[in-house]
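Q: This structure is in structure tokens; I'll ask about it shortly.
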Amino acid sequence: MDLLPYGGYSDVVLVVDVLRATTTAVTYLERGADALLLTDTPEAALALRGEGVVLAGERGGLPIPGFDLGNSPVEAARRDFGGQTVVMNTTNGTAAAHIAAGTGKHVLLAALTNAHAAARRARALAREEIAIVCSGTEERVGLDDVYAAGVLAEYLLALGGFSIEDGTRVALTIRRNAGNPFDTLSSSGHGGHLIGLGLEEDVHYAAQISTSPVVPMLDREGSTPEVLR
Ligand code: MLT
Numbered sequence: 002m003d004l005l006p007y008g009g010y011s012d013v014v015l016v017v018d019v020l021r022a023t024t025t026a027v028t029y030l031e032r033g034a035d036a037l038l039l040t041d042t043p044e045a046a047l048a049l050r051g052e053g054v055v056l057a058g059e060r061g062g063l064p065i066p067g068f069d070l071g072n073s074p075v076e077a078a079r080r081d082f083g084g085q086t087v088v089m090n091t092t093n094g095t096a097a098a099h100i101a102a103g104t105g106k107h108v109l110l111a112a113l114t115n116a117h118a119a120a121r122r123a124r125a126l127a128r129e130e131i132a133i134v135c136s137g138t139e140e141r142v143g144l145d146d147v148y149a150a151g152v153l154a155e156y157l158l159a160l161g162g163f164s165i166e167d168g169t170r171v172a173l174t175i176r177r178n179a180g181n182p183f184d185t186l187s188s189s190g191h192g193g194h195l196i197g198l199g200l201e202e203d204v205h206y207a208a209q210i211s212t213s214p215v216v217p218m219l220d221r222e223g224s225t226p227e228v229l230r
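So the number in my numbering is just where the residue sits in the sequence shown, counting from 1, plus 1.
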């Protein structure tokens, strides 16, 4: 098990973007979305507008003009998405998921909210290595994601059968020395940015640990990477 910046190849890759893409992706599926479709660009998302399609995403934490939703898990939790496909494009998280699609056989979206379920699913699928990809923010390491990687690593170690590399040791050290989840997320650069935008409720929501059984998984069958429950 190792924490990868986006390199290597593993049979299971856990993509983490706690603030907020993977937290929100889990929430869309919890609220009944049939599927999530991650695009590389906002333009690609806008081209998919149609019946039963919801466009969701952000730049700099704020909704993309022309989209139906931003990237707020709290906003997502207030709606039902039954019968709908949510097309997502975000600054870092959806890009990380696309990159991860080329680095692993099974690609799962992980956050704090689904950490235990994601660790169990990864353990069930793994034959050799599990990689944890931290999306970060604007190609810089994010404390929020490394902390979440530490939470995932603790669950995976408890499930047994893994050795760990230094990347995971770093994440475990942060997890084991951190304060409570909200304080840790809010002390991250992106957490502080979101709070500055008045989105503190999203940070509280993202700080809940293992409250969801939903683990979005990349569907290899589709021509466009889809993420299904
Ligand atoms: C990202 O993809 O970097 C995040 O989801 C940004 C955000 O939603 O604030």
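The C-beta atom is built at its ideal place from N, Cα and C for all residues, glycine as well.
#1: Decide if Glu31 is buried, meaning its Cβ has at least 16 other Cβ atoms within 10 Å, or exposed.
#2: Since Gly105 and Val13 are thought to touch, with beta carbons under 8 Å apart, how far apart are those beta carbons, to the nearest angstrom?
#3: Taking Gly142 as the reference, which of Arg122, Asn93, Tyr156 has the closest Cα?
#4: State the Cα-Cα distance for the pair Tyr10 and Ala154, rounded to the nearest angstrom.
#5: Give the single residue among Ala118, Gly62, Ala78, Ala97 whose Cα lies nearest to the Cα of Glu140.
#6: Decide if the region 35–45 is in contact with the region 158–177; the criterion is three or more beta carbon pairs, one per stretch, under 8 Å apart.
#7: Please state the DSSP three-state secondary structure of Arg141.
#8: Take the Cβ of Leu63 as the centre, count every other Cβ of all protein chains shown within 10 Å, and call the residue buried at 16 or more, exposed below.
#9: Sorted by chain position, which residues of the same chain lie with C-beta nearer than 6 Å to Ala118's C-beta, five sequence neighbours on each side aside?
#10: For the ligand MLT, any of its heavy atoms closer than 7 Å to the Cβ of Ser136?
#11: Applying the 10 Å Cβ sphere with the 16-neighbour rule, what's the burial state of Arg122?
#12: Any heavy atom of the ligand MLT within a distance shorter than 7 Å of the CB on Asp18?
#13: Please determine if the region 50–62 and the region 124–135 are in contact, where contact requires at least 3 C-beta pairs separated by less than 8 Å.
#14: So which of Tyr156, Thr138, Arg221 has the shortest CA-CA distance to Ser189?
#15: Beta carbon of Tyr29, beta carbon of Ala102: below 8 Å?
#16: Any idea what DSSP makes of Gly83, helix, strand or coil?
#17: With Val16 as the anchor, note down where its beta strand (DSSP E) starts and where it stops.
#18: Under 8 Å, do Leu39 and Asp145 count as touching if we go by C-beta distance?
A: So, to answer that:
#1: Result: buried.
#2: About 6 Å separates the two Cβ atoms, so the contact holds.
#3: Residue identity differs from the one stated: residue 142 is Val in this sequence, not Gly. The shortest C-alpha separation from Val142 is found at Asn93.
#4: Each residue's alpha carbon lies about 18 Å from the other.
#5: Closest by alpha carbon: Ala97.
#6: The answer is no - the region 158–177 does not touch the region 35–45, with fewer than three Cβ pairs under 8 Å.
#7: Three-state result, Arg141: strand.
#8: The residue in question, Leu63, is exposed, as its Cβ has fewer than 16 Cβ neighbours within 10 Å.
#9: Excluding residues within five positions, the ones whose Cβ falls inside 6 Å are Pro214, Val216.
#10: Yes, since a heavy atom of the ligand MLT falls inside the 7 Å radius drawn around the Cβ of Ser136.
#11: Under this definition Arg122 is a buried residue.
#12: For Asp18, the distance from the CB to the nearest heavy atom of the ligand MLT is below 7 Å.
#13: No, because fewer than three Cβ pairs between the region 50–62 and the region 124–135 fall closer than 8 Å, the two stretches do not touch.
#14: For the residues Tyr156, Thr138, Arg221, the minimum Cα distance to Ser189 belongs to Thr138.
#15: The answer is no: Cβ separation not under 8 Å.
#16: Residue state, collapsed to three classes: strand.
#17: Per DSSP, the continuous beta strand (DSSP E) segment holding Val16 begins and ends at 11–17.
#18: Against a cut-off of 8 Å, the Cβ pair of Asp145 and Leu39 comes out as no contact.
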